[in-house]
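All letters in the sequence shown, in the order written, are residues 1 to 202 by my numbering. The beta-carbon is built from N, C-alpha and C at its ideal position, and this holds for glycine as well. Okay, structure first, notes after.
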Amino acid sequence: ASSYSVYGGNTKVPYSEDDRVDRPVSFYAATKLANEAMAASYAHLYGIPLSGLRFFTVYGPWGRPDMAPWLFTEAIANGRPIKVFGHGRPRRDFTYIDDIVQGVVRVLDHPPTPGEEPPHRVLNIGNHEPVGVLEFIATIETALGKTAQQIPMEMQPGDVDTTFADVSRLQALVDFRPDTPLSEGIRRFVAWYRDYAGTAAD
1 ASSYSVYGGN
11 TKVPYSEDDR
21 VDRPVSFYAA
31 TKLANEAMAA
41 SYAHLYGIPL
51 SGLRFFTVYG
61 PWGRPDMAPW
71 LFTEAIANGR
81 PIKVFGHGRP
91 RRDFTYIDDI
101 VQGVVRVLDH
111 PPTPGEEPPH
121 RVLNIGNHEP
131 VGVLEFIATI
141 ETALGKTAQQ
151 IPMEMQPGDV
161 DTTFADVSRL
171 QALVDFRPDT
181 PLSEGIRRFV
191 AWYRDYAGTA
201 AD
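This is the structure we're talking about:
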């Protein structure tokens with residue numbers, strides 16, 4: 001499990017697996033690069049076919065409570081303000097969990113061939129459709145039927161302006177085609193959150 005964060009300060013979009021990944025801008029990104037390097041070493045030393053997937057902003061039911069979809073939804077539902085970093089300018093390649101799972105399962109069925117040296121590869125897995133943070137917030141507002149109180153903030157250290165996945169290799173390998181629109185994915189997440197949080201989200 002890797003991450004789009006390995007692309008660091010790259011400004012060319014969409015991000016391709018051939019792009020430079022030697023300029024991480026966060027410690028998290030550095031750990032993911034180390035993860036990829038260790039996997040390649042294991043593949044070389046022991047002939048273990050390994051596929052690394054660079055995930056792009058995964059969201060959906062049972063998502064992490066420290067990530068924007070949950071943080072924003074919980075705050076808006078309960079009338080609390082949200083911090084909007086980068087003044088809402090950043091764009092993110094939000095990818096619904098069901099699409100991610102479909103891609104992961106398909107990749108499992110198509111490992112690198114033992115003849116490759118090493119039998120290791122990395123692939124982007126994302127929605128290939130960046131959305132502005134303000135549009136993302138508006139989508140949550142629509143699903144909740146409530147308006148967010150926004151606090152504009154500067155960009156956080158280690159953050160980037162745009163994440164955008166080139167998924168052509170994954171499409172060619174396993175016919176990966178994410179088909180969950182943001183509006184539908186957020187509707188499902190908010191419905192799940194209301195059920196999970198109970199009356200606190202009403």
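Check: Cβ of Arg121 within 8 Å of Cβ of Ser16?
Finding: Contact flag unset, no.
Next item on the list: Thinking Val6 and Glu36 are a contact (beta carbons under 8 Å), I'd like their distance in whole angstroms, please.
Entry: Indeed they touch by this definition, with Cβ atoms about 7 Å apart.
Notebook entry, point to check: Can you check whether the CB of Gly47 is closer than 8 Å to the CB of Pro114?
Noted result: Going by C-beta atoms, Pro114 is nearer than 8 Å to Gly47.
Check: Over what stretch of residues does the alpha helix (DSSP H) that includes Met203 continue unbroken?
Finding: Within the shown structure, residues of the chain are numbered from 1 to 202, placing residue 203 beyond reach of any answer.
Item checked: N-terminal and C-terminal residue of the beta strand (DSSP E) that Ser5 is part of -> Run containing Ser5: none; DSSP gives neither H nor E here.
Check: Do you know whose CA, among Met153, Pro111 and Thr11, lies nearest Leu53's CA?
Finding: Nearest option by C-alpha distance: Pro111.
Check: If you drop the 5 nearest sequence neighbours on each side, which residues of the same chain put their C-beta closer than 6 Å to that of Asp99?
Finding: Same-chain partners within the cutoff: Pro178 and Thr180.
Next item on the list: Select from Ile97, Glu135, Ala1 and Ile151 the residue whose C-alpha is nearest the C-alpha of Arg91.
Entry: Distance from the Cα of Arg91 is smallest, within the candidate group Ile97, Glu135, Ala1 and Ile151, for Glu135.
Margin query: Between Phe189, Arg194 and Ala197, which has its C-alpha nearest Phe94's C-alpha?
Written below: Closest by alpha carbon: Phe189.
Check: Between which two residues does the beta strand (DSSP E) containing Gly52 stretch?
Finding: Note, Gly52: beta strand (DSSP E), Leu50 to Phe55.
Next item on the list: Put Ala200 into one of helix, strand or coil per three-state DSSP.
Entry: In this prediction, Ala200 scores a pLDDT of 49, lower than 50, which makes its location untrustworthy; no coordinate-derived value is stated.
Notebook entry, point to check: Nearest-angstrom Cα distance between His87 and Gly132?
Noted result: Cα-Cα distance, rounded: 11 Å.
Next item on the list: State yes or no: is the C-beta of Asp161 within less than 8 Å of the C-beta of Arg89?
Entry: Closer than 8 Å, so yes.
Note to self: Distance check for Ala77 and Ala191, CA to CA, integer angstroms please.
What the structure shows: Pairing Ala191 with Ala77, the inter-Cα distance amounts to about 12 Å.
Next item on the list: Report the rounded CA-to-CA distance for Ile151 versus Arg80, giving the unit in angstroms.
Entry: In a straight line, the C-alpha of Ile151 is about 11 Å away from that of Arg80.
Next item on the list: Answer yes or no: do Ile97 and Leu170 have a C-beta to C-beta separation smaller than 8 Å?
Entry: Not a contact, by the Cβ cut-off of 8 Å.
Check: Ordered along the chain, which non-local residues of its own chain (more than five positions away) have a Cβ less than 6 Å from that of Val13?
Finding: Result list for Val13: Thr162 and Phe164, in chain order.
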